[in-house]
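K.L.:
To start, I am sharing the structure in question, which I have written as structure tokens.
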Amino acid sequence: MQNIQEKRVAAGRERQALEQSVVRRYDKMVEKKVNRSCGIHDGTFHADEVTACALLIVFGLIDEEKIIRTRDSELLAQCEYICDVGGIYEPAKKLFDHHQVDYQGPLSSAGMVLLYLKNQKIITEEVYHFFNESLVRGVDNHDNGLDPQIPGVCTYSHILANFTPIHYEAEPEELEAAFREALTFSRGHVQRLWDRYQYNHSCREIIAEAMKTSESFLLFERAIPWMDVFFELGGEEHPAQFIVMPSGTHWKVRGIPPSPHDKMRVRWPLPKEWAGLLEEELKKRTGIEGAIFCHKGRFISVWETKEDALKALDIILQQQRETA
1 MQNIQEKRVA AGRERQALEQ SVVRRYDKMV EKKVNRSCGI HDGTFHADEV
51 TACALLIVFG LIDEEKIIRT RDSELLAQCE YICDVGGIYE PAKKLFDHHQ
101 VDYQGPLSSA GMVLLYLKNQ KIITEEVYHF FNESLVRGVD NHDNGLDPQI
151 PGVCTYSHIL ANFTPIHYEA EPEELEAAFR EALTFSRGHV QRLWDRYQYN
201 HSCREIIAEA MKTSESFLLF ERAIPWMDVF FELGGEEHPA QFIVMPSGTH
251 WKVRGIPPSP HDKMRVRWPL PKEWAGLLEE ELKKRTGIEG AIFCHKGRFI
301 SVWETKEDAL KALDIILQQQ RETA
């Protein structure tokens with residue numbers, strides 16, 4: 001028993017010595033590092049290192065053409081960033097691997113890079129939370145075998161996996177081309193998430209003002225992404241039950257969900273007798289000439305003009321008062 005314990009201690013010392021040796025080699029070659037470069041492992045690629053690279057590109061830390069796929073430690077040591085390879089997680093040295101025994105956390109290389117962006121104040125706590133909840137946490141879970149495998153559900157990580165060559169004996173050139181294609185997809189997705197987040201938050205003042213001046217409904221004079229910011233500003237406690245705003249060339253009346261975690265329901269459904277009606281039928285039922293459509297789920301309706309939408313809202317609020 002003592003002999004086994006001694007072997008374990010010796011093995012641990014050997015592993016620690018090896019890791020220290022690798023770190024020293026990286027430190028020694030700092031002057032040779034290629035600025036704005038990133039090293040990742042070769043062979044089959046996965047969503048986590050692809051996404052890690054995409055995050056570093058989108059937030060301006062590396063150049064796409066300076067990504068190298070290799071397990072050659074001499075080549076990796078010349079990279080400014082190293083993701084998903086190398087056996088070391090040391091953010092201060094821009095090393096982001098999660099495969100080593102001494103790392104027992106929940107992150108993959110994608111989560112490590114996202115956390116680095118936050119800790120370096122390249123992104124805010126709010127932006128970190130947005131990317132973690134909308135993308136990266138799912139990548140981490142998938143890479144670490146923690147995501148539920150639900151038949152019929154295709155995730156972002158599944159899509160990236162489908163970029164890998166079909167044949168297991170694919171040549172390095174084919175794998176490289178497939179990785180570049182996957183990276184283009186991932187970079188575009190990350191960029192669109194970032195652009196959408198920034199656009200949503202550019203509407204923050206408009207939404208905040210509407211929340212101050214109205215109680216039963218929020219009126220917006222132009223179409224904006226209101227829901228996420230509404231709840232960030234305390235919308236769960238706000239009394240408004242509907243929003244009225246443009247929808248293409250028309251206007252809509254939409255019910256507000258009770259919370260950001262229950263978006264498939266509304267605080268007050270549209271009238272039952274409107275459910276599923278189109279144009280002429282809805283016009284007859286409401287007496288509003290500009291009636292176009294009411295969803296059968298009773299959460300949204302569409303009207304020709306702002307005035308028509310407000311007339312519809314008056315009917316809804318009147319029914320609500322009568323019910324109360």
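The sequence shown stops at residue 324 when you use the working numbering, and every number in between is there. Note that the Cβ used here is the ideal one computed from N, Cα and C, for glycine as well. What you are looking at is a predicted structure, and each value in this text was computed from that prediction instead of being measured.
In whole angstroms, give me the CA-to-CA distance for I325 and V229.
P.N.:
Because residue 325 is not part of the residues shown, which for the chain are 1 to 324, the question remains open.
K.L.:
Helix, strand or coil, according to DSSP, for H167 in the structure here?
P.N.:
Correct three-state label for H167: coil.
K.L.:
Looking at the strands, I want to know which residues DSSP matches up with F326.
P.N.:
No answer is possible for residue 326: the residues shown for the chain start at 1 and end at 324.
K.L.:
Spatial neighbours of E174 within its chain, please: CB distance less than 6 Å, with the 5 preceding and 5 following residues excluded, ordered by chain position.
P.N.:
These residues qualify, in order along the chain: P165.
K.L.:
Is it the case that the stretch 37-57 contacts the stretch 67-84, given that we only count it when at least three CB pairs across the two stretches are under 8 Å?
P.N.:
Contact between the stretch 67-84 and the stretch 37-57 is present, because at least three Cβ pairs lie under 8 Å.
K.L.:
Cα separation between P106 and K284?
P.N.:
Roughly 58 Å between the two C-alpha positions.
K.L.:
With a threshold of 6 Å on Cβ separation, who are the neighbours of E49 within its own chain once the five nearest residues in sequence on each side are excluded?
P.N.:
Correct list, in chain order: I40, C83, D84 and S109.
K.L.:
Determine the DSSP secondary structure at V266, reduced to helix, strand or coil.
P.N.:
The answer is coil: DSSP assigns V266 none of H, G, I, E or B.
K.L.:
State buried or exposed for V153, treating a residue as buried only when at least 16 other CB atoms are found within 10 Å of its CB.
P.N.:
It counts as exposed.
K.L.:
With which residues is E252 paired in a DSSP beta bridge?
P.N.:
Reading off the sequence shown, one finds Lys at residue 252, where the question assumed Glu. K252 pairs with M245 and V302.
K.L.:
Which stretch, first to last residue, makes up the alpha helix (DSSP H) that contains R222?
P.N.:
Counting along the chain, R222 falls outside any alpha helix (DSSP H), and DSSP gives it neither H nor E.
K.L.:
Which partner residues does A92 have in the DSSP bridge list?
P.N.:
Answer is none; A92 lacks a bridge partner.
K.L.:
Just how far apart, CA to CA, sit L282 and D314?
P.N.:
Answer to the nearest angstrom: the Cα atoms are 15 Å apart.
K.L.:
State the Cα-Cα distance for the pair I123 and V253, rounded to the nearest angstrom.
P.N.:
Their backbone Cα atoms lie some 36 Å apart in a straight line.
K.L.:
Report the three-state DSSP secondary structure of A82 (helix, strand or coil).
P.N.:
It should be noted that the sequence gives Ile, not Ala, for residue 82. I82 falls in the strand class under three-state DSSP.
K.L.:
Grouping DSSP H, G and I as helix and E and B as strand, with all else coil, what is I150?
P.N.:
Of the three classes helix, strand and coil, the one that applies to I150 here is coil, per DSSP.
K.L.:
Would you identify the three-state DSSP class for N144, choosing helix, strand or coil?
P.N.:
Here N144 sits in coil by DSSP.
K.L.:
Let me check understanding here. Comparing Cα to Cα, which of E280, E307, E74 and C203 lies closest to M227?
P.N.:
Closest by alpha carbon: C203.
K.L.:
Does the Cβ of I150 have 16 or more other Cβ atoms within 10 Å, making it buried, or fewer, making it exposed?
P.N.:
So I150 ends up on the exposed side.
K.L.:
Do A312 and R298 come within 8 Å of each other at the CB atom, strictly closer than that value?
P.N.:
Cβ distance not < 8 Å, so R298 and A312 don't count as in contact.
K.L.:
Mind checking S186: buried by the 16 CB within 10 Å criterion, or exposed?
P.N.:
Per the 10 Å Cβ criterion, buried.
K.L.:
The beta strand (DSSP E) with V34 in it runs from where to where?
P.N.:
Where V34 is concerned, the enclosing beta strand (DSSP E) stretches over V34 to I40.
K.L.:
Which of the three DSSP states, helix, strand or coil, is assigned to L61?
P.N.:
Of the three classes helix, strand and coil, the one that applies to L61 here is coil, per DSSP.
K.L.:
Taking only the alpha-carbon atoms, compute the straight-line gap between F45 and A170 and give it to the nearest angstrom.
P.N.:
So the two alpha carbons sit approximately 12 Å from each other.
K.L.:
According to DSSP, what are the bridge partners of C294?
P.N.:
Paired residues: S301.
K.L.:
Quick check: the Cα distance between Q320 and T305, rounded to an integer number of angstroms?
P.N.:
Looking at the two C-alpha atoms, the distance is approximately 23 Å.
K.L.:
What's the C-alpha gap between G86 and T249?
P.N.:
Using only the alpha carbons, I get a separation of about 55 Å.
K.L.:
Just tell me which of Y103, D195, Q241 and L193 has its CA closest to the CA of S214.
P.N.:
Nearest C-alpha to S214: Q241.
K.L.:
Using a Cβ-Cβ cutoff of less than 6 Å, which residues in the same chain neighbour E236 once the five nearest sequence positions on both sides are dropped?
P.N.:
Closer than 6 Å at the Cβ level, and outside the excluded window around E236, lie S259.
K.L.:
Under the rule that 16 or more other beta-carbon atoms within 10 Å means buried, what is Y26, buried or exposed?
P.N.:
Low confidence applies to Y26: its pLDDT is 49, below 50, so where it sits in the model is not reliable, and the reading given next is rough at best. Y26 comes out buried.
K.L.:
Whose C-beta lies closer than 7 Å to the C-beta of N200 among residues of the same chain, with five residues either side of it excluded?
P.N.:
Cβ within range, chain order: P225, D228 and V229.
K.L.:
Would you call Y116 buried or exposed, if buried means 16 or more other Cβ atoms sit within 10 Å of its Cβ?
P.N.:
By the neighbour-count rule (16 or more Cβ atoms within 10 Å), Y116 is buried.
K.L.:
In the DSSP output, which residue or residues are listed as bridge partners for I122?
P.N.:
In DSSP, I122 forms no bridge with anything.
K.L.:
Name the one or two DSSP bridge partners that L278 has.
P.N.:
In the DSSP output, where bridge partners are listed per residue, L278 has F293.
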